[in-house]
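Numbering (the working numbering), first residue to last: 197 to 377.
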């Protein structure tokens with residue numbers, strides 16, 4: 197299944213995500229969302245794929261991003277009218293999507309074993325890091341094993357004083373890849 201990168205060439209994070217996907221030899225298309233804005237219907241589908249409230253994928257400096265009084269539907273309408281409110285980059289593949297903040301998160305959806313549906317996801321993988329003091333922290337929850345290992349290997353190759361690992365993580369239902377469960 198091909199992916200789709202919602203891209204803004206003026207954004208360094210978006211350019212980094214594009215480069216990472218190319219280096220991983222991912223099959224994907226690029227959509228410059230400022231020139232080809234997403235329809236309200238596409239934004240509703242994106243909300244479902246991201247498994248996050250749209251206020252979490254609005255630009256942090258956007259007036260709607262911090263306004264708790266806005267309904268999800270009002271935020272979606274605002275993004276449809278003003279696509280510059282959309283956080284970038286966003287990578288979508290099948291029923292999955294992730295905001296590339298940090299850009300490396302797009303690698304979570306690259307694996308060939310990515311489930312074709314949320315129902316097929318079964319056991320997820322947690323990518324986590326362990327620092328030199330023994331402290332650990334979650335990096336991401338990933339629905340496919342190959343994407344999880346690709347993400348961990350990418351971070352490991354940076355040579356920080358941390359180790360990156362993957363372990364099984366049973367979930368009752370699909371969650372956001374950036375989620376803190």
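Even for Gly, the Cβ is constructed at its ideal location relative to N, Cα and C.
Just so it is clear, the structure is predicted and the values come from calculations on it, not from any experiment.
So, is residue i buried or exposed, given that buried needs 16 or more other C-beta atoms within 10 angstroms?
{"i": "residue 237", "result": "exposed"}
{"i": "residue 318", "result": "exposed"}
{"i": "residue 248", "result": "buried"}
{"i": "residue 268", "result": "exposed"}
{"i": "residue 300", "result": "buried"}
{"i": "residue 266", "result": "buried"}
{"i": "residue 210", "result": "buried"}
{"i": "residue 291", "result": "buried"}
{"i": "residue 208", "result": "exposed"}
Within its chain, find whatever has a CB closer than 8 Å to the CB of residue i; leave out the 5 residues flanking it on each side and keep chain order.
{"i": "residue 328", "result": "357 and 358"}
Compare the Cα-Cα distances from residue i to each of the options and report the closest residue.
{"i": "residue 361", "options": "326, 248, 313 and 239", "result": "326"}
{"i": "residue 235", "options": "345, 344, 321 and 282", "result": "282"}
{"i": "residue 324", "options": "374, 214, 240 and 212", "result": "374"}
{"i": "residue 305", "options": "220, 230, 243 and 204", "result": "220"}
{"i": "residue 365", "options": "321, 206 and 290", "result": "321"}
{"i": "residue 206", "options": "231, 257, 223 and 225", "result": "231"}
{"i": "residue 272", "options": "349, 204 and 241", "result": "241"}
Please find out if some non-hydrogen atom of the ligand PLP comes closer than 7 Å to the beta-carbon of residue i.
{"i": "residue 284", "result": "The ligand PLP is not part of the structure shown, which contains no ligands of any sort."}
Between residue i and residue j, is the Cβ-Cβ spacing less than 8 Å?
{"i": "residue 250", "j": "residue 286", "result": "no"}
{"i": "residue 226", "j": "residue 214", "result": "yes"}
{"i": "residue 288", "j": "residue 245", "result": "yes"}
{"i": "residue 336", "j": "residue 347", "result": "yes"}
{"i": "residue 293", "j": "residue 370", "result": "no"}
{"i": "residue 224", "j": "residue 202", "result": "no"}
Counting contacts by CB-CB distance shorter than 8 Å, is residue i in contact with chain B?
{"i": "residue 275", "result": "The structure shown contains no chain B; it is built from a single protein chain."}
For residue i, I'd like the list of residues in its chain whose CB is within less than 6 Å of its CB, leaving aside the five on either flank, ordered along the chain.
{"i": "residue 295", "result": "253, 283 and 286"}
{"i": "residue 243", "result": "250"}
{"i": "residue 311", "result": "317 and 339"}
{"i": "residue 279", "result": "229, 230 and 233"}
Leaving aside the five residues before and after residue i along the sequence, list all residues of the same chain whose C-beta is less than 7 Å from its C-beta, in chain order.
{"i": "residue 216", "result": "299, 300, 302 and 303"}
{"i": "residue 222", "result": "199 and 306"}
{"i": "residue 343", "result": "303, 304, 305, 306, 307 and 310"}
{"i": "residue 212", "result": "299"}
{"i": "residue 350", "result": "300 and 303"}
For a minimum of 4 consecutive residues, which ranges assigned as the alpha helix (DSSP H) are wholly contained in the region 242–311?
DSSP assignment within the region 242–311 yields the following whole alpha helix (DSSP H) runs of 4 residues or more, N-terminal first: 268–277.
Can you list the alpha helix (DSSP H) stretches of 4 or more residues lying completely in the region 324–375, in chain order?
Residue ranges of uninterrupted alpha helix (DSSP H) with 4 or more members, entirely inside the region 324–375 and ordered along the chain, are 341–353.
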